[in-house]
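A.B. asks:
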Amino acid sequence: MTSNSKLIFGKSKNIKSNNYVPKLDIEGVNLDDILPKKYQREDLNLPNIPEVEIVRHYIGLSNINYGVDTGIYPLGSCTMKYNPKINEVISRLPNFSQIHPLQEKNQGAIELISEVSKFLSEITGMEGFTLQPSAGAHGELTGLLIMKKYFEYNNIEKKKIIVPDSAHGTNPASAKMAGFSIIELNSNEFGEVPLDHLEFAMQEEQVAGIMLTNPNTLGVFDRNIKEITRIVHDNGGLCYYDGANLNPMLGISRPKDMGFDIVHLNLHKTFSTPHGGGGPGSGPVGVVKKLIPYLPEPCIISRDEGLVCRENSQASIGRVKAFWGNFGVIIKAYAYMLSLGAEGLKRVGQIAVLNANYLRVRLQEKYFLPYNRICQHEFVLSDKGLPNGVTTEDVAKRILDYGIYAPTIYFPLIVNGAIMIEPTETESKQSLDNFTEILLNIYNEAMENPEKLKFAPHNTPVKRLDAVTAARNPILHD
Amino acid sequence: MVFKVDFIPHDNKTISDMLDVIGLKSIEDLFQDIPNDLILKTLNLPSGLSESDLLNELKKLSKKNKIYISSFLGAGCYYHYIPSIVDFIISRSEFYTSYTPYQAEASQGFLQAIYEYQSIITRLTAMDVANASMYDGSTALAEAALMATIITRKNKILLVEGIHPEYIEVVKTYCWGQEIEYKLIPLSLLEKELNEEYAAVLIQSPNFFGEIENVEDIVKTVKNTFPKCLIVHVMTDPTCLGILRSPGEQSIDIFVAEGQSFGISPSFGGPGLGIFATKKEFLRKIPGRLVGKTREINGEREGFILTLQAREQHIRREKASSNICTNQALCSLAALIYLLCMGKNGLKELAVQNIQKTNYAKEKLSKIPGYKILNTKPTYNEFLLECPNIDLFIKNCDELDLLPPLRLSKYYNHMKNIVLVCITEMNSRTSIDKFIQAAKSASKISMEVK
Numbered sequence: 001m002t003s004n005s006k007l008i009f010g011k012s013k014n015i016k017s018n019n020y021v022p023k024l025d026i027e028g029v030n031l032d033d034i035l036p037k038k039y040q041r042e043d044l045n046l047p048n049i050p051e052v053e054i055v056r057h058y059i060g061l062s063n064i065n066y067g068v069d070t071g072i073y074p075l076g077s078c079t080m081k082y083n084p085k086i087n088e089v090i091s092r093l094p095n096f097s098q099i100h101p102l103q104e105k106n107q108g109a110i111e112l113i114s115e116v117s118k119f120l121s122e123i124t125g126m127e128g129f130t131l132q133p134s135a136g137a138h139g140e141l142t143g144l145l146i147m148k149k150y151f152e153y154n155n156i157e158k159k160k161i162i163v164p165d166s167a168h169g170t171n172p173a174s175a176k177m178a179g180f181s182i183i184e185l186n187s188n189e190f191g192e193v194p195l196d197h198l199e200f201a202m203q204e205e206q207v208a209g210i211m212l213t214n215p216n217t218l219g220v221f222d223r224n225i226k227e228i229t230r231i232v233h234d235n236g237g238l239c240y241y242d243g244a245n246l247n248p249m250l251g252i253s254r255p256k257d258m259g260f261d262i263v264h265l266n267l268h269k270t271f272s273t274p275h276g277g278g279g280p281g282s283g284p285v286g287v288v289k290k291l292i293p294y295l296p297e298p299c300i301i302s303r304d305e306g307l308v309c310r311e312n313s314q315a316s317i318g319r320v321k322a323f324w325g326n327f328g329v330i331i332k333a334y335a336y337m338l339s340l341g342a343e344g345l346k347r348v349g350q351i352a353v354l355n356a357n358y359l360r361v362r363l364q365e366k367y368f369l370p371y372n373r374i375c376q377h378e379f380v381l382s383d384k385g386l387p388n389g390v391t392t393e394d395v396a397k398r399i400l401d402y403g404i405y406a407p408t409i410y411f412p413l414i415v416n417g418a419i420m421i422e423p424t425e426t427e428s429k430q431s432l433d434n435f436t437e438i439l440l441n442i443y444n445e446a447m448e449n450p451e452k453l454k455f456a457p458h459n460t461p462v463k464r465l466d467a468v469t470a471a472r473n474p475i476l477h478d
Numbered sequence: 001m002v003f004k005v006d007f008i009p010h011d012n013k014t015i016s017d018m019l020d021v022i023g024l025k026s027i028e029d030l031f032q033d034i035p036n037d038l039i040l041k042t043l044n045l046p047s048g049l050s051e052s053d054l055l056n057e058l059k060k061l062s063k064k065n066k067i068y069i070s071s072f073l074g075a076g077c078y079y080h081y082i083p084s085i086v087d088f089i090i091s092r093s094e095f096y097t098s099y100t101p102y103q104a105e106a107s108q109g110f111l112q113a114i115y116e117y118q119s120i121i122t123r124l125t126a127m128d129v130a131n132a133s134m135y136d137g138s139t140a141l142a143e144a145a146l147m148a149t150i151i152t153r154k155n156k157i158l159l160v161e162g163i164h165p166e167y168i169e170v171v172k173t174y175c176w177g178q179e180i181e182y183k184l185i186p187l188s189l190l191e192k193e194l195n196e197e198y199a200a201v202l203i204q205s206p207n208f209f210g211e212i213e214n215v216e217d218i219v220k221t222v223k224n225t226f227p228k229c230l231i232v233h234v235m236t237d238p239t240c241l242g243i244l245r246s247p248g249e250q251s252i253d254i255f256v257a258e259g260q261s262f263g264i265s266p267s268f269g270g271p272g273l274g275i276f277a278t279k280k281e282f283l284r285k286i287p288g289r290l291v292g293k294t295r296e297i298n299g300e301r302e303g304f305i306l307t308l309q310a311r312e313q314h315i316r317r318e319k320a321s322s323n324i325c326t327n328q329a330l331c332s333l334a335a336l337i338y339l340l341c342m343g344k345n346g347l348k349e350l351a352v353q354n355i356q357k358t359n360y361a362k363e364k365l366s367k368i369p370g371y372k373i374l375n376t377k378p379t380y381n382e383f384l385l386e387c388p389n390i391d392l393f394i395k396n397c398d399e400l401d402l403l404p405p406l407r408l409s410k411y412y413n414h415m416k417n418i419v420l421v422c423i424t425e426m427n428s429r430t431s432i433d434k435f436i437q438a439a440k441s442a443s444k445i446s447m448e449v450k
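Which chain is which? The protein sequence lines are A and B, in order.
Residue numbering for the first sequence is 1 to 478, as defined by this note's numbering.
Residue numbering for the second sequence is 1 to 450, as defined by this note's numbering.
#1: Taking C-alpha atoms, which residue in 290/B, 365/B, 367/B and 419/B lies nearest to residue 470/A?
#2: Listed from N- to C-terminal order along the chain, which residues in the segment 331 to 348 of chain A have their beta-carbon within a distance smaller than 8 Å of any beta-carbon of chain C?
#3: What residues from chain B crowd round residue 98/A, counting only those whose CB sits closer than 7 Å?
#4: With distances taken from CA atoms, which of 465/A, 380/A and 320/A is nearest residue 295/B?
#5: Can you list, in chain order, the residues of the segment 210 to 237 of chain B whose Cβ is nearer than 7 Å to any Cβ on chain A?
#6: Three-state secondary structure (DSSP) at residue 167/A?
#7: Can you grab the Cα-Cα spacing for the pair residue 106/A / residue 258/A, in whole Å?
#8: State the start and end residues of the unbroken beta strand (DSSP E) segment that holds residue 277/B.
#9: Looking at the unbroken alpha helix (DSSP H) that takes in residue 329/A, where does it start and where does it end?
#10: Which residue from 143/A, 84/A and 41/A puts its Cα closest to that of residue 54/B?
#11: Checking 8 Å against the spacing of the C-beta atoms, do residue 135/B and residue 135/A come in under that value?
#12: Report back the beta-carbon spacing between residue 485/A and residue 156/A to the nearest angstrom; my notes put them in contact at under 8 Å.
#13: The alpha helix (DSSP H) that contains residue 123/A, what's its start and end?
#14: Reducing DSSP to helix, strand and coil, say where residue 256/A ends up.
#15: Our contact map puts residue 250/A next to residue 348/A with C-beta atoms below 8 Å; I'd like the distance itself, whole angstroms only.
#16: Could you confirm whether any beta carbon from chain A is found closer than 8 Å to the beta carbon of residue 317/B?
#17: The segment 30 to 54 of chain A: which residues have C-beta closer than 7 Å to a C-beta of chain B, in chain order?
#18: For residue 284/A versus residue 130/A, is the C-beta spacing smaller than 8 Å?
#19: Distance, Cα to Cα, residue 409/B vs residue 161/B?
#20: Determine whether the beta carbon atoms of residue 294/A and residue 150/A lie at a separation below 8 Å.
#21: Pick out whichever of 290/A, 363/A, 326/A and 297/A has its Cα sitting closest to the Cα of residue 275/A.
#22: Taking 8 Å as the threshold (beta carbon to beta carbon), is residue 482/A in contact with chain B?
#23: Return the first residue and the last residue of the alpha helix (DSSP H) that residue 285/B is part of.
#24: Where residue 148/A and residue 158/A are concerned, what is the direct C-alpha to C-alpha distance, given to the nearest angstrom?
#25: So with Cβ pairs under 8 Å, would you call residue 31/B a contact of chain A?
#26: Spell out the partners DSSP gives residue 305/B in its beta bridges.
#27: Checking the sheet assignment: what are the DSSP bridge partners for residue 130/B?
#28: Anyone know if the C-beta pair for residue 326/B and residue 143/A falls short of 8 Å?
#29: Determine, for residue 383/A, whether the minimum Cβ-Cβ distance to residues of chain B falls below 8 Å.
#30: If we define contact as Cβ-Cβ less than 8 Å, is residue 463/A a contact residue for chain B?
#31: What number of angstroms, rounded off, separates the C-alpha of residue 262/B from the C-alpha of residue 41/A?
#32: Let me check understanding here. Comparing Cα to Cα, which of 203/B, 109/B and 237/B lies closest to residue 222/B?
#33: Please confirm whether residue 189/B and residue 122/A have their CB atoms less than 8 Å apart.
#34: Sort out for me which residues DSSP pairs residue 235/B with in a bridge.
Below you can see the structure in the form of structure tokens.
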């Protein structure tokens with residue numbers, strides 16, 4: 001494939017360089033005297049591009065990218081809610097953004113981390129938190145390592161973990177990274193955990209516990225949750241809560257009360273910090289009291305004499321990241337919790353569920369809903385009943401033609417051709433009605449003019465892209 | 001009941017209209033699946049704040065952190081100049097409020113930017129491929145170690161002293177998770193310790209103490225005897241690549257770095273950017289996302305798409321090469337803009353300035369009685385300084401509004417009188433001279449005179 005003239009590298013000019021580096025105000029010595037020639041590179045293959053060209057190029061690219069500020073972003077299990085602008089301002093305050101992780105005069109940062117831990121403890125019911133993990137999957141790994149260490153420290157051999165087939169893909173991948181083998185558990189027709197299967201699985205040797213998300217990926221609150229956690233505990237296991245779906249539970253119900261021992265949260269989902277095109281996120285992990293000694297370090301603990309930083313404890317799993325965590329993200333989540341307060345957070349949970357159920361009822365007019373009951377934050381349609389061989393992907397691509405983003409597709413794996421929709425609480429009724437009209441309209445198009453869907457999208461900056469060739473002959477840079 | 005708006009656009013009438021459509025009487029009915037005793041009575045948190053009160057509150061809290069006119073602290077997090085356009089571009093809300101670009105046709109802007117980031121990293125490092133990012137330098141190093149064990153099917157890792165102490169801790173945690181053995185040795189024992197059981201040698205250069213290692217020699221030493229053993233090279237301030245030989249030229253197998261120096265503010269150490277690059281032959285073992293260039297199925301136009309996803313957790317679940325999903329995309333965009341701003345000439349000029357200014361400070365400090373530069377190899381922008389009165393020196397710095405250097409005893413108990421000093425292009429001659437003044441007035445001689 002020929003070099004792409006659209007790329008920034010095509011805009012390189014024969015200019016010296018942009019003027020950012022300060023003027024050298026000391027007398028330098030001969031470079032070779034302080035850095036022997038053999039350490040110096042001969043060539044540096046970077047372009048020199050005038051600033052104005054860089055700005056226009058990326059403003060141009062931003063114009064062909066969709067964000068929450070563009071419109072509804074109904075990705076299931078992703079909680080793409082509005083990102084309040086004040087939080088961006090606050091995270092850029094110089095006394096937050098310009099502080100060094102190893103400086104001694106850091107009381108404000110330590111206090112903020114401690115306050116966020118307290119807020120998250122109240123919201124989840126947990127008794128100790130670490131804010132070090134950088135993302136949800138990183139939090140999962142951290143939580144599972146805590147589980148591993150707990151058993152290791154108490155000389156109990158545990159090597160396996162139960163993960164339902166409806167779980168997020170990161171769950172089994174994280175479990176493997178923590179050294180566990182997976183026992184996959186088939187969900188029942190509502191995506192719930194069948195108690196008899198669970199009892200049976202827990203009878204196996206060396207089972208450390210279960211990883212669960214509740215509400216599950218079908219958006220269903222598992223009515224047997226207390227039974228589930230009891231069975232696991234009775235058999236010497238621990239219960240891990242995947243907090244990707246915490247949004248509808250804000251102020252409504254708490255993982256600790258459901259019987260969970262460890263929880264990870266996604267600040268970039270539930271607590272409104274922007275997803276940044278894929279990151280940075282933040283994945284705090286909360287635990288019940290008996291697991292606090294195993295939290296990663298440094299760990300800020302509130303004692304009578306004030307905040308202290310625990311380091312080098314024998315029981316701790318160690319570090320999972322250099323320094324303190326994605327502090328810049330944590331600030332935004334704190335600002336969000338402070339703006340909403342107790343009543344506001346509860347309302348988030350309520351309206352998130354109201355919005356999801358409104359869409360569920362309205363879309364049922366044309367689309368097949370395999371698990372038809374009241375949902376929580378999200379629900380999953382299937383491809384059953386799509387006419388004329390139209391696929392889930394066709395529907396998703398056609399949605400893009402209407403200038404909005406498509407839902408999560410082909411997940412969870414337990415639903416054929418899944419279309420997973422989570423509107424979040426920040427979408428207005430008008431926005432939900434508009435989304436509904438578009439989806440119902442697309443269904444009619446599938447009946448009358450299926451070709452329109454099979455070759456969709458038509459109105460986007462590029463038409464449907466060839467994923468197969470991209471993977472077969474990967475071109476990953478210019 | 002009247003609610004405050006709080007980012008939720010519904011009024012009470014809308015809520016009751018929507019409940020009617022659903023066929024329920026009250027909001028509470030939406031939660032009928034939840035057992036009664038699991039319903040939370042009240043959330044014991046304060047009431048919400050208005051935007052203006054919130055800003056005041058947090059400004060007040062932020063002031064409990066001290067910021068300085070000039071910094072002499074690095075150790076994995078650096079103060080470099082950030083061109084204004086970096087924050088301007090990453091603040092475009094089409095970028096920062098977007099999700100992972102799963103729907104390629106509606107995400108071409110970010111996909112192309114990530115492709116350009118991957119391109120600029122391969123150019124900078126002379127490695128064959130770079131991924132879309134990892135969380136930070138420390139986790140990138142840990143994942144590189146894991147990747148080496150997968151490639152070589154061996155279960156032992158050799159860490160060479162001089163790697164950032166916190167990175168070593170992270171590698172240990174990850175290795176313990178998968179029951180991978182590790183050993184930490186001084187560079188001088190590398191030849192002696194190495195055997196065919198090791199999957200990889202992990203080495204940092206410039207190392208934690210600021211020294212530039214002879215990476216090429218190290219690679220030769222290892223590869224001559226154990227050609228299958230992989231070399232993982234890590235650095236914490238890759239601005240040095242403006243002048244130092246690239247990892248690609250030196251046959252490094254996996255290169256990782258903390259990319260915070262590339263246009264990302266320190267922010268108490270996060271978010272940063274994990275740079276991850278490797279050789280073509282290891283492409284299918286690379287952790288994390290990759291963006292590829294392709295074409296329209298029924299058209300001629302080029303476009304960009306997430307590719308080789310069969311490596312990733314959402315497809316392969318427990319068989320994936322890593323569990324990473326969310327990465328540091330917006331930070332990689334910042335790094336891209338930064339590197340484009342600096343360009344070939346600017347990055348070189350910057351790296352040379354770091355070396356020259358550091359040399360200027362070293363020269364002056366070594367002349368003060370009682371002070372000693374402990375490095376024996378060439379340095380980039382950090383060095384070890386032995387001080388006669390470390391507490392007074394650090395106090396002096398703080399009083400002169402200079403962020404004091406790192407006490408090495410934080411990580412190495414026995415190194416009581418040593419600081420790790422960092423000097424970048426941001427340190428003006430005036431600030432370096434002030435730093436030298438702080439040192440002088442904490443020297444034995446001056447104390448005797450007093």
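The beta carbon of each residue, even a glycine, is placed where N, CA and C say it ideally should be.
C.D. replies: Short version:
#1: 290/B
#2: Of the chains in the structure shown, none is chain C; the protein chains are A and B.
#3: 67, 265 and 266
#4: 465/A
#5: 212
#6: coil
#7: 37 Å
#8: 274 to 278
#9: 327 to 363
#10: 84/A
#11: yes
#12: Because chain A is modelled from 1 through 478, residue 485/A falls outside the range shown and cannot be assessed.
#13: 107 to 124
#14: helix
#15: 5 Å
#16: yes
#17: 31, 34, 35, 36, 39, 40, 41, 44, 45, 46, 47, 48, 49, 51 and 54
#18: yes
#19: 16 Å
#20: yes
#21: 326/A
#22: Coverage of chain A is limited to positions 1 through 478, which leaves residue 482/A absent and any answer about it impossible.
#23: Premise fails: residue 285/B is in no alpha helix (DSSP H) and is neither H nor E.
#24: 7 Å
#25: yes
#26: 292/B
#27: 277/B
#28: no
#29: no
#30: yes
#31: 19 Å
#32: 203/B
#33: no
#34: 257/B
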